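A.B. asks: Take this structure first; my questions come after.
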Amino acid sequence: MDKGAYDFTAIEKKWQDYWLRNKIFRTEDNGNKPKFYVLDMFPYPSGAGLHVGHPEGYTASDIIARYKRMKGFNVLHPIGWDAFGLPAEQYAIKTGTHPAETTQKNIDNMRRQIRGLGFSYDWNREVNTTDIHYFKWTQWIFLKLFNSWFDETQQKARPIEELPVPAGLSKEEREQYIHDRRLAYESFAPVNWCPELGTVLANEEVVGGVSERGGFPVIRKPMRQWMLRITTYCERLLAGLDQVDWPESIKKLQRDWIGKSIGAEVDFQVDGFDEVIRVFTTRPDTLFGATYMVMAPEHPLVDVITPEPYKVDIETYRKQAAQKSDLDRTDLAKDKTGQFTGAYAINPVNAQKIPIWISDYVLISYGTGAIMAVPAHDDRDWEFATKFELPIIQVVQPPVPVEGCFTGEGTAINSGPFTGLPTVEFKVKITEWLEGKGLGTKAINYKLRDWLFSRQRYWGEPFPILHTEDGRIIALDEKELPLTLPEVDDYKPTGNGEPPLAKAADWLSVTLPDGARARRETNTMPQWAGSCWYYLRYIDPANPNAAVDPEKEKYWMPVDLYIGGAEHAVLHLLYSRFWHMLLYDLGYVSTPEPFTKLINQGMILGLSYKDKRGVLVPNDLVEERDGKPYHKETGEPLDEFPAKMSKSLKNVVNPDEVISRYGADSMRLYEMFMGPLEATKPWNMRGVEGVHRFLGKAWRAMIDEQTGHLVPQVQDTPADEETLRLLHQTIKKVGEDIETFGFNTAISQMMIFVNHLSRLEVRPRQVVETFVLVLSPFAPHIAEELWHRLGRSCTLAYETWPAYDPELVREKQIELAVQVLGKIKDRITVAADASDETIQQVALASEKVQAAIGNKAIKKVIVIKPRLVNIVL
RNA sequence: GGCCGAGUGGCGGAAUGGCAGACGCUGGGGACUUAAAAUCCCCUGCCCGCAAGGGUGUGUGGGUUCGAAUCCCACCUCGGCUACCA
2 MDKGAYDFTA IEKKWQDYWL RNKIFRTEDN GNKPKFYVLD MFPYPSGAGL
52 HVGHPEGYTA SDIIARYKRM KGFNVLHPIG WDAFGLPAEQ YAIKTGTHPA
102 ETTQKNIDNM RRQIRGLGFS YDWNREVNTT DIHYFKWTQW IFLKLFNSWF
152 DETQQKARPI EELPVPAGLS KEEREQYIHD RRLAYESFAP VNWCPELGTV
202 LANEEVVGGV SERGGFPVIR KPMRQWMLRI TTYCERLLAG LDQVDWPESI
252 KKLQRDWIGK SIGAEVDFQV DGFDEVIRVF TTRPDTLFGA TYMVMAPEHP
302 LVDVITPEPY KVDIETYRKQ AAQKSDLDRT DLAKDKTGQF TGAYAINPVN
352 AQKIPIWISD YVLISYGTGA IMAVPAHDDR DWEFATKFEL PIIQVVQPPV
402 PVEGCFTGEG TAINSGPFTG LPTVEFKVKI TEWLEGKGLG TKAINYKLRD
452 WLFSRQRYWG EPFPILHTED GRIIALDEKE LPLTLPEVDD YKPTGNGEPP
502 LAKAADWLSV TLPDGARARR ETNTMPQWAG SCWYYLRYID PANPNAAVDP
552 EKEKYWMPVD LYIGGAEHAV LHLLYSRFWH MLLYDLGYVS TPEPFTKLIN
602 QGMILGLSYK DKRGVLVPND LVEERDGKPY HKETGEPLDE FPAKMSKSLK
652 NVVNPDEVIS RYGADSMRLY EMFMGPLEAT KPWNMRGVEG VHRFLGKAWR
702 AMIDEQTGHL VPQVQDTPAD EETLRLLHQT IKKVGEDIET FGFNTAISQM
752 MIFVNHLSRL EVRPRQVVET FVLVLSPFAP HIAEELWHRL GRSCTLAYET
802 WPAYDPELVR EKQIELAVQV LGKIKDRITV AADASDETIQ QVALASEKVQ
852 AAIGNKAIKK VIVIKPRLVN IVL
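Count the first sequence with this note's numbering and you get residues 2 to 874, in order.
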């Protein structure tokens, strides 16, 4: 190989070593520079390593970080590992390898891959959620949750010692009262149990009735669990969204997930009983149309009100419902099911007797677990009433007549004294009426449930909690943290919900100072725990005395820019906002919201193939002939299309392979050149070749491939006007595009510049050096090497970002199209500062334009300065 | 079913009220070479035409405007998320 060739492998290794060895990107916590905190979403160190989706967000954030450094900011740009989680544990179950060992191996591999891309992380701040010095503070935050309550009046969390407890309670009642208000509490409610995974899951982890990870069936099962009272923060979580600069789509996802709805709670007397069934409705205006009621099968009143002859059928139905997986319950293709209880309720507005049913389309966990059914104006009730032949009474007149069920707003009919009222007005009136009679009240409900926070796993943070033999729950003291994981022989869950930690006999039992015997909590925390607050730990990663030093926290927070995938919209991003609000309330952090600006990178798709019938063909069965894809075995011509990367389609692109063939700079550049950051885009290896050629061209414009020295064209001479203008246009465009995340167009501008530069006989040194600085955030390795060969002795990472001169950017001459009635007839060139009048004169002087006008009268001439002239006849 | 996003050459995309297709890929032609690779130069939306030139064109149909890929209305297609929350 010639010593001057663009040897990206050697160059990239050289500079990666240089940055690391000299700690070039080590960040200090002080300084008089303004701070900028740019954060990547926490990666899980998977055994499969990086896929091409990771470097997309990371490259974008790295370009921002490098650019901001050059713009004079003190930049915090850290990385670490969200390293607890199920895969390492399942591997342990299969092979007996300790999850810590697997995790370490995976981290080492991913760190190697990430370093190979040349990201400017401060490696002194690397964190790892499985490190005891890290999860000590995860446990500490849990204790804060456990030892806090939410003050509704002040709308904030406060220490549990400040909770006003009613006088005259017994010791046990007092304990219970406090426990019922802790932000972390034990519950025995039915939870999402996944037999396949041997653990329970949070609502957010169950998608379409199956587990989000693995797609296994999930059933409802009552179990003892730890919950976090995230619901107390519903209003704060909603309000905070107005304060942050996030994509509207993500804000909407969070708002919908919190799911605030305003309506009324109404009491229906059960005929012949003292009991009332309370329902929640957002449409109290349809009360006159309530023709039956439905309770969730689990509703406690079912036992009370069901008369003897109906008990057998009701019990059978309840058993069936309990055994159904969530998938069975939510599958819309299935008919509605239900069972009449034999009991009746009295509709409070018209004293009508209406039958009470149970059905699993009513959920025990939302509202009051019972509904009034208004089949004329609710799709679900309509479907149910039609199937079981229950009466349907219309009480809302639609603005325009509709067939079947009408769920919109209109005018009340068949509604006694309220007939004729518009829906909105009716809602207010009827709620007042109900309140006056003591039959109901205005009510707000949220879809968001408390966060199920325990898992029956080994590889997670242990809870700092003890259960005494006499049934008390005692939290460890902060001084006793961290509580580490015990060694076990067997990582397998027991299958009945008893976690693996229950097998660690020595670890399990504890004798308290007062002599009482206690057992440790055997559940562990979910993976989300560690990622809820990692952005705070980066600020002060080695602090043994606090999760984060308050002074440093004040300096660095909030995160100025957070880049990651949209799949975390309602999971991580909601959970970590909740924890942050708690820490804010207790005075440990200084900002109400953690992440000021959020950007979602789009998904990268792989190239895939299907035959004429639409059958998918894995990539290893595809061969190319004359640039067209064919089936290797059948010889059939195939269609190319983009599809989600998957093992089965064999269309996964491995970053290691791309780097070894084209280099990290080409990889980075291609990921950014593909299209807008937020868009979904298909990967195409030929595109990598394109940006790779661009880098080679930039290299050859400066370096002689034979000698490795500067080419003779690079000279210490002033630039010509055109070159200078293009350079300044490039500085301007690239800088502005970085600020607005338009990396693809920034790169095309640099391509235009290099195409020009390589054609020049004289390439002024000043111009060349400035361009290298502009290129450096995108392709830092080649930029450092060129900078070095241009005679500079240290890194360019802290050079000042070049300023452009607006005078030099401006073109001297401008070309305008001349249209007659919107059709282009000619082009004219005028001085850039020509007046509209002058331009008009020149345009009208054109023979072609005159010919197009003919003898018609000119009505109007529109001059749009740098673009065109339109003559209206 | 609901919500969100997107439809522009052979492909990725650019242009967010002002010359549609920047930049890159692919394809074609040429230069260099014994030859090839690499590199460099030229061409490359579609249709008609030998050409000069003309016509047409941003999913479909309508509208607003001197002017629409861009704004408005209706529809079609694709992708993502979500799913009985009363």
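Glycine residues also receive a C-beta, built at the ideal position from the N, C-alpha and C atoms. The structure displayed is predicted, hence computed values, not measured ones.
1) On the DSSP bridge list, what partners appear for D640?
2) Is it true that the region 80 to 90 meets the region 98 to 110, where meeting means three or more beta-carbon pairs spaced less than 8 angstroms apart?
3) Cα separation between Q875 and F674?
4) Report yes if the C-beta distance between A375 and G290 is below 8 angstroms; otherwise report no.
5) Please state if the CB of V166 and the CB of W194 are separated by a distance shorter than 8 angstroms.
6) In terms of residues, what are the limits of the alpha helix (DSSP H) holding L435?
7) Report the residue from M668, E249, V768 whose alpha carbon sits nearest the alpha carbon of F9.
8) Can you tell me which of Y536, V397, K337 puts its alpha carbon nearest to the alpha carbon of I414?
9) Over the uninterrupted alpha helix (DSSP H) stretch that includes Y316, give me the two end residues.
10) Note down, in chain order, each residue of its chain lying with its Cβ closer than 6 angstroms to the Cβ of I445, except the 5 sequence neighbours on either side.
11) The beta strand (DSSP E) that contains P356, what's its start and end?
12) Given M2, which residues of its chain have a CB within under 7 angstroms of its CB, disregarding the five upstream and five downstream residues?
13) How long is the line joining the alpha carbons of F269 and I372, rounded to whole angstroms?
14) Which residue or residues does DSSP assign as beta-bridge partners of D827?
15) Report all residues from its chain with a CB closer than 6 angstroms to the CB of Y38; omit the five preceding and five following residues, and keep chain order.
16) Does the Cβ of S759 lie closer than 7 angstroms to at least one heavy atom of the ligand SAH?
17) For T287, which residues from the same chain have a beta carbon less than 7 angstroms from its beta carbon, with the 5 sequence-adjacent residues on both sides left out?
18) Per DSSP, what are the beta-bridge partners of C195 in this structure?
19) Quick check on the burial criterion: 16 or more other C-beta atoms within 10 angstroms. Buried or exposed for D41?
20) Cα-Cα, which of F274, N745, S847 is closest to D827?
21) Three-state secondary structure (DSSP) at E625?
22) Using a Cβ-Cβ cut-off of 8 angstroms (strictly less than) and excluding sequence neighbours within five positions of T708, which residues of its own chain qualify?
23) Can you check which of these residues, R473, E462, T495, is closest to P487 by C-alpha distance?
24) Under 8 angstroms: do the region 832 to 843 and the region 764 to 784 share three or more Cβ pairs, one atom per stretch?
25) From D550 to F120, what does the alpha carbon distance come to, in whole angstroms?
26) What's the gap between the Cα of I854 and the Cα of V843?
27) According to DSSP, is D550 helix, strand or coil?
28) Leaving aside the five residues before and after Q340 along the sequence, list all residues of the same chain whose C-beta is less than 7 angstroms from its C-beta, in chain order.
29) Do you know offhand how far I12's Cα is from T60's?
30) Kindly list the residues whose CB is nearer than 7 angstroms to the CB of D382, restricted to its own chain and excluding five residues on each side of it in sequence; keep chain order.
31) Taking the alpha-carbon positions, what's the A93 to G343 distance?
32) With DSSP as the reference, label K861 as helix, strand or coil.
33) Tell me where the beta strand (DSSP E) around S1 begins and ends.
34) Check this for me: beta carbons of V267 and V280, under 8 angstroms apart or not?
35) Do you know offhand how far F876's Cα is from Q17's?
36) If you compare alpha carbons, which of D721, I732, G736 is closest to L761?
C.D. replies: Taking the structure as given:
1) K611
2) A contact exists between the region 80 to 90 and the region 98 to 110.
3) Residue 875 lies beyond the range of the chain shown here (2 to 874); nothing can be said about it.
4) According to the sequence provided, residue 375 is Val. The question's Ala does not apply to it. Yes.
5) no
6) 424 to 438
7) M668
8) Closest in alpha carbon position to I414, among Y536, V397, K337, is V397.
9) Residue identity differs from the one stated: residue 316 is Glu in this sequence, not Tyr. Here the alpha helix (DSSP H) through E316 covers 309 to 324.
10) I263
11) 354 to 359
12) For M2, the predicted model reports a pLDDT of 41, less than 50, meaning its position is unreliable; a value from the coordinates is still stated below. Taken in chain order, the residues that qualify are D8.
13) 10 angstroms
14) V819
15) L77, W557, V560, D561
16) Ligands displayed in this structure: none; no statement on the ligand SAH is therefore possible.
17) V375, H378, V396, V397
18) T200
19) buried
20) S847
21) strand
22) K4, G5.
23) E462
24) no
25) Between D550 and F120, the alpha-carbon positions lie close to 26 angstroms from each other.
26) 15 angstroms
27) coil
28) D314, I315, Y318, W358, I359
29) 19 angstroms
30) The residues are A374, V375, P376.
31) So the two alpha carbons sit approximately 53 angstroms from each other.
32) K861 sits in a strand when the DSSP states are folded into three classes.
33) The first residue shown for the chain is 2 and the last is 874, placing residue 1 beyond what the model contains.
34) yes
35) Past the edges of the chain, shown from 2 to 874, lies residue 876, and the structure says nothing about it.
36) D721
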